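J.: Structure provided below as structure tokens; questions to follow.
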Amino acid sequence: MKILVLGSGAREHAIVSALLGEDETHEIIVAPGNAGIASAALNVTVTPLDANDPGAVTNFANHHSIQLVVIGPEAPLVAGVADALRTRGIAVFGPSQAAAALEGSKTFAKRIMDAAGVPTGRALRAVTSADVESALDTFGAPYVVKADGLAAGKGVLVTSDRAAAQQHASTWLTHGDVLFEEFLDGQEVSLFFVSDGHTVVPLSPAQDYKRLLDGDLGPNTGGMGAYSPLPWLDDEFESEDDFVQEVLVSIALPTIRQLAHEGTPFVGLLYCGLILTSSGIRVIEFNARFGDPETQVVLPRLTSSLSGLLLAAATGTLAAVPRPTFSTDCAVTVVLASENYPETPVVGREISGLDAAAAVDGVHVTHAATAFAGAADGQMDDRLISTGGRVLSVVALGATFTEARRRAYQALGLIGLEGSHFRTDIAERVDAEVVGGAEADGAQAADATPSAAASGPDSGNGSGADQLDGWRHVYSGKVRDLYVPSESTSLADATAILVVASDRVSAFDFVLEPGIPQKGELLTALSRWWFGQLDGFANHILDGSTGAHTAPAVPARVAARSMVVKPLDMFPIECVVRGYLSGSGWAEYQETQSVCGVALPAGLRDGDRLPTPIYTPAFKAELGDHDENITFERTVELVGADVAAELRRLSLEVYARASGIAEARGIILADTKFEFGADRDTGEITLADEVLTSDSSRFWDAAAYDSGERTASFDKQIVRNWLAANWDKTGTPPELPTAIVEQTAARYRELIARLTGPVA
325 MKILVLGSGA REHAIVSALL GEDETHEIIV APGNAGIASA ALNVTVTPLD
375 ANDPGAVTNF ANHHSIQLVV IGPEAPLVAG VADALRTRGI AVFGPSQAAA
425 ALEGSKTFAK RIMDAAGVPT GRALRAVTSA DVESALDTFG APYVVKADGL
475 AAGKGVLVTS DRAAAQQHAS TWLTHGDVLF EEFLDGQEVS LFFVSDGHTV
525 VPLSPAQDYK RLLDGDLGPN TGGMGAYSPL PWLDDEFESE DDFVQEVLVS
575 IALPTIRQLA HEGTPFVGLL YCGLILTSSG IRVIEFNARF GDPETQVVLP
625 RLTSSLSGLL LAAATGTLAA VPRPTFSTDC AVTVVLASEN YPETPVVGRE
675 ISGLDAAAAV DGVHVTHAAT AFAGAADGQM DDRLISTGGR VLSVVALGAT
725 FTEARRRAYQ ALGLIGLEGS HFRTDIAERV DAEVVGGAEA DGAQAADATP
775 SAAASGPDSG NGSGADQLDG WRHVYSGKVR DLYVPSESTS LADATAILVV
825 ASDRVSAFDF VLEPGIPQKG ELLTALSRWW FGQLDGFANH ILDGSTGAHT
875 APAVPARVAA RSMVVKPLDM FPIECVVRGY LSGSGWAEYQ ETQSVCGVAL
925 PAGLRDGDRL PTPIYTPAFK AELGDHDENI TFERTVELVG ADVAAELRRL
975 SLEVYARASG IAEARGIILA DTKFEFGADR DTGEITLADE VLTSDSSRFW
1025 DAAAYDSGER TASFDKQIVR NWLAANWDKT GTPPELPTAI VEQTAARYRE
1075 LIARLTGPVA
């Protein structure tokens, strides 16, 4: 592929290295690049193109038949380079000028977060000195002062000195507005998401070090080092995957959807700067591009195709590519900075020892601000000189952080640059009980209340998952836990998956207390029964180890609420089939006389049987519980015409079979949802997840059904009704009364007894 990368820093060097690592035949041009990038490989060239000039970049890309443009820094985005490229039909990874305001204006970002319900801190905008004084009075010390616009990482001040806060605000008011935010301490995390404007895919989290000096002292910088992954997240969130999923569902997806709703779809890299407070995850800031230095530790761990991922995002086909995968390596990067950085860096000094540093096992040196000596006056030679503040990023991989740190600092000791300096504590305490690292540079308490968490893993009614012999826990949802064989590292390389249903019950996005006794066993038994009834439809159930799908024994204590299933490449579609008009379908019909783009006859009432069942798909983020209704045409865009048609056919056929089975037992299947995936060995579209349970379907008693009247369903509607009458949806929901729990359990038991018992 012929790729143009815009930028000149270590971030861009890391991007180029990742592209070369996957396919050495890529032809890569970097504008303007640096000396290190120019020396990367024979098929990498640099050009003195002005990356901030939309016309120049577009003409260059068109003339050189560029297949993909990757925009590294923020300045070209804010200048509208991506817009110009898209106008000419050139694939570009980077958001539009309007969407890039998410980084270019903190005021805009706050408005988007508020509109999307994304958890962040309170903020006040100051445009005059009087506003400054008022904001300082409102928040009190410590003060958090931020320049509204781009400031190269230097526009933020956190201080208890009111005079210093006033001075910082006054300085930046000459450039534009200033934001004041409330302060709250906590660990910071950087998490990247790739988006094509609809689909959102996470990368691996990292933590960076913003302060200049060891111990998080000194002024803020653009970043002095970083590491990835973050093993301490396992203590906070059960696993790193759990953390990533929570951020995806509560922050990234709502933000992308809000931007799309406002007509500014975000295509590119959404950088979520997060802080983990005692009240939950909060957003410090958004950036609209890869972060530096975090990119230098995230991309070296990427084991899947970077070019394929970026091209899919640029062309709106992200849902069709596999989720990115990462190695278990530990990555550490340490930034080497020029004398007097970040104030007035001394530049033009010669750099030595780079070959020796690069020869250290596991080390790669990425260049940020380097040039060949004499290049400015046309007398270029092979000597390298510094041209900016952050000169190099020394990146090291290792099996442990101890090994990675040792390698990084060994390499740094071999590099010579007069007056240079670096931090010596990057990732130093990563294995400690309290992780050292980036101090909150912004402060982010928020008013939103996180979802309540259930407890008691032994009963299956808790967020703390059981530890099962032979199995590794990889994910906890609201009501289920997923495990892979111990020798597997993730869902991506698992030979089998153990799905363990809990007794947890959720409503209105909260896990409630207490759970419903035997819910996990009842729903698992019902799902297994349905899979047995649906012969002729491929499903993911594994009964014992088969061929490549080897699985450990399932411990007896969870066997009744567990299914061992085949790993599939899941389609991001909830395949909803409606035979009756009810729920959200009824609400939409009242407004549009259609459901998900399917026109329906006039005069239908709530609960009416439809002339024929209809297929109304929804988009679902991977492993997420939040979905949105979409048209069939949108499904075609996501998975292709052939797959979309097959998903619709299978869904309607399974519904017809199940509806007939239920009807023979005096039960109406009003609506349901299915999930499908592609068999990784054969490509066959396979029925997956739970199927036709009380949690995924609306079942009614046929004897009690009366068209036009709301019919009680065999599910947790009793719980929802009680909450609606006894809770204002603020704070943590109240505990469910014993009577409500017992009534709900009775409905679950009645359904399974009537469906699986003898036919009357």
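Residue numbering for the sequence shown follows the numbering used here, starting at 325 and increasing by one per position.
Just so it is clear, CB atoms sit at the ideal spot from N, CA and C, and this is done for glycine as well.
As the structure is a computational prediction, the values presented were derived from the model and not from experiment.
Quick one: Cα of G698 to Cα of V671, how far?
T.: Position 374 of the sequence shown, counted from the start, is the residue given in the question as residue 698. Position 347 of the sequence shown, counted from the start, is the residue given in the question as residue 671. Taking the straight line from one Cα to the other gives about 13 Å.
J.: Unbroken alpha helix (DSSP H) runs of length 4 or more, entirely within the stretch 964-993: which are they?
T.: 965-987
J.: What does DSSP give as the partner residue(s) for L806 in the beta ladder?
T.: Reading the sequence shown from its first residue, position 482 is the one you call residue 806. DSSP lists Y799, V823 as partners of L806.
J.: Using the DSSP secondary-structure output, state which residues sit across from K470 in a beta bridge.
T.: As a working note, residue 470 is residue 146 in the sequence shown. DSSP, once it has assigned bridges, lists V480, L503 as partnering K470.
J.: Which residues in the same chain have their Cβ closer than 8 Å to the Cβ of L474, if we skip the five residues on either side of it in sequence?
T.: Looking up residue 474 in the sequence shown gives position 150. Taken in chain order, the residues that qualify are E398, A399, V402, E427, G428.
J.: So, at 6 Å on beta carbons, what are the nonlocal neighbours of V1142 in its own chain, with the 5 sequence-adjacent residues on each side left out?
T.: In this structure the chain extends from 325 to 1084, so residue 1142 is not present and cannot be described.
J.: Apply the 10 Å Cβ neighbour rule to P372 and answer buried if 16 or more other Cβ atoms are within range, or exposed otherwise.
T.: As a working mapping, residue 372 is identified with position 48 in the sequence shown. Its Cβ having fewer than 16 others within 10 Å, P372 is exposed.
J.: When the Cα of S552 is compared with those of E564, L541, D461, N544, which residue comes out closest?
T.: As a working note, residue 552 is residue 228 in the sequence shown. Closest option to S552, Cα to Cα, is E564.
J.: Give the straight-line distance between the Cα atoms of P526 and G740, rounded to the nearest whole angstrom.
T.: Residue 526 sits at position 202 when you count from the first residue of the sequence shown. Residue 740 sits at position 416 when you count from the first residue of the sequence shown. Going by the C-alpha atoms only, they are around 37 Å apart.
J.: Counting C-beta neighbours from all protein chains within 10 Å, is the total for S420 16 or more, i.e. buried, or is it exposed?
T.: As a first step, residue 420 must be located in the sequence shown, where it is residue number 96. S420 should be labelled buried.
J.: Mind pulling the alpha helix (DSSP H) runs of 4 or more residues that sit fully within the stretch 358-382?
T.: The DSSP assignment places complete alpha helix (DSSP H) segments of no fewer than 4 residues inside the stretch 358-382 at 359-362, in order along the chain.
J.: Do you know how far the Cα of K534 is from the Cα of D765?
T.: Start at 1 with the first residue of the sequence shown, and residue 765 comes out as number 441. Start at 1 with the first residue of the sequence shown, and residue 534 comes out as number 210. For D765, the predicted structure reports a pLDDT of 34, less than 50, and the residue's modelled location is therefore unreliable. The matter cannot be settled from this model.
J.: Taking all protein chains shown into account, do 16 or more other C-beta atoms lie within 10 angstroms of the C-beta of S528, making it buried, or fewer, making it exposed?
T.: Residue numbering aside, residue 528 sits at position 204 when the sequence shown is read from its first letter. Label assigned to S528: buried.
J.: For C596, which residues does DSSP report across the bridge?
T.: On the sequence shown, residue 596 is found 272 positions in, with the first residue counted as 1. Answer is L515, F610.
J.: Going by beta carbon distance, what residues of the same chain come within less than 8 Å of N664, once the five residues before and after it are set aside?
T.: For this step, residue 664 is matched to residue 340 along the sequence shown. Cβ neighbours of N664 beyond the five flanking positions: V670, G743.
J.: Please classify D1039 as buried or exposed, where buried requires at least 16 other C-beta atoms within 10 Å of its C-beta.
T.: Residue numbering aside, residue 1039 sits at position 715 when the sequence shown is read from its first letter. The residue in question, D1039, is buried, as its Cβ has 16 or more Cβ neighbours within 10 Å.
J.: Three-state secondary structure (DSSP) at Q917?
T.: Counting from one through the sequence shown, the residue named residue 917 turns up at place 593. Coil at Q917, not helix or strand.
J.: Taking Cβ positions, are G909 and T955 nearer each other than 8 Å?
T.: Counting from 1 along the sequence shown, the entry for residue 909 is found at position 585. Counting from 1 along the sequence shown, the entry for residue 955 is found at position 631. Taking 8 Å as the Cβ cut-off, G909 and T955 do not qualify as a contacting pair.
J.: Mark H585 as exposed unless 16 or more other C-beta atoms lie within 10 angstroms of its C-beta, in which case mark it buried.
T.: Position 261 of the sequence shown holds residue 585. With fewer than 16 other Cβ atoms within 10 Å, it is exposed.
J.: I think R1022 touches A994, with their Cβ atoms under 8 Å apart; what is that distance to the nearest whole Å?
T.: Numbered from its first residue, the sequence shown carries residue 1022 at position 698. Numbered from its first residue, the sequence shown carries residue 994 at position 670. Right, their Cβ atoms sit about 4 Å apart.
J.: Between the C-alpha atoms of I599 and I605, what's the straight-line distance to the nearest angstrom?
T.: Locating residue 599 in the sequence shown gives position 275, counting from the first residue. Locating residue 605 in the sequence shown gives position 281, counting from the first residue. Their backbone Cα atoms lie some 6 Å apart in a straight line.
J.: Compare the beta carbon distance of R486 and L503 with 8 Å and say whether it is the shorter of the two.
T.: Within the sequence shown, the letter at position 162 stands for residue 486. Within the sequence shown, the letter at position 179 stands for residue 503. No, the pair does not count as a contact, with Cβ atoms beyond the cut-off.
J.: Taking the straight line between their C-alpha atoms, what separation do you get for G333 and P666?
T.: Taking the sequence shown and counting its residues from 1, the one referred to as residue 333 is at position 9. Taking the sequence shown and counting its residues from 1, the one referred to as residue 666 is at position 342. When rounded, the distance between both Cα atoms is 16 Å.
J.: Between the stretch 435-442 and the stretch 408-418, do three or more beta carbon pairs fall short of 8 Å?
T.: no
J.: Quick one, are the C-beta atoms of A550 and T657 less than 8 Å apart?
T.: Translated into the one-based positions of the sequence shown, residue 550 becomes position 226. Translated into the one-based positions of the sequence shown, residue 657 becomes position 333. The Cβ atoms of A550 and T657 lie closer than 8 Å to each other.
J.: Applying the 10 Å Cβ sphere with the 16-neighbour rule, what's the burial state of R613?
T.: Here residue 613 refers to the residue found at position 289 when the sequence shown is read from its first residue. It is buried - the Cβ of R613 has at least 16 other Cβ atoms within 10 Å.
J.: Measure how close the beta-carbons of F721 and D653 come, nearest whole angstrom, since I'm counting them as under 8 Å.
T.: Locating residue 721 in the sequence shown gives position 397, where the first residue counts as 1. Locating residue 653 in the sequence shown gives position 329, where the first residue counts as 1. Reading off the sequence shown, one finds Leu at residue 721, where the question assumed Phe. Correct: roughly 5 Å between the Cβ atoms.
J.: Contact criterion: CB-CB distance below 8 Å. Does D1019 meet it with respect to chain C?
T.: As a matter of chain content, chain C is missing from the structure shown, which is built from one protein chain.
J.: The beta strand (DSSP E) spanning I709 covers which residue range?
T.: If you number the sequence shown from 1, residue 709 lands on position 385. Residues 708-710.
J.: Going by C-alpha distance, which of D1005, G860, E506 is nearest Y467?
T.: As a first step, residue 467 must be located in the sequence shown, where it is residue number 143. It is E506.
J.: Are the Cβ atoms of I1076 and L850 separated by less than 8 Å?
T.: Taking the first residue of the sequence shown as 1, we reach residue 1076 at position 752. Taking the first residue of the sequence shown as 1, we reach residue 850 at position 526. Yes, these two residues count as a Cβ contact at 8 Å.
J.: Distance check for T1006 and Q842, CA to CA, integer angstroms please.
T.: For the purposes of this step, residue 842 is identified with residue 518 of the sequence shown, where counting begins at 1. For the purposes of this step, residue 1006 is identified with residue 682 of the sequence shown, where counting begins at 1. Whole-angstrom Cα-Cα distance: 36 Å.
J.: What does the alpha-carbon distance come out to for the pair H337 and V684?
T.: Locating residue 337 in the sequence shown gives position 13, where the first residue counts as 1. Locating residue 684 in the sequence shown gives position 360, where the first residue counts as 1. Roughly 19 Å separates the two Cα atoms.
J.: Assuming A454 contacts G500 (C-beta within less than 8 Å), just tell me the rounded distance between them.
T.: The residue you call residue 454 lines up with position 130 of the sequence shown. The residue you call residue 500 lines up with position 176 of the sequence shown. A454 to G500, Cβ: 17 Å. No contact.
J.: Contact check, P876 vs G903 under 8 Å by CB: the rounded distance?
T.: On the sequence shown, position 552 is the one that residue 876 refers to. On the sequence shown, position 579 is the one that residue 903 refers to. Incorrect: roughly 40 Å between the Cβ atoms, too far for contact.
J.: Roughly how many whole angstroms lie between the Cα atoms of A986 and L409?
T.: Walking along the sequence shown from the start, residue 986 turns up at place 662. Walking along the sequence shown from the start, residue 409 turns up at place 85. Taking the straight line from one Cα to the other gives about 55 Å.
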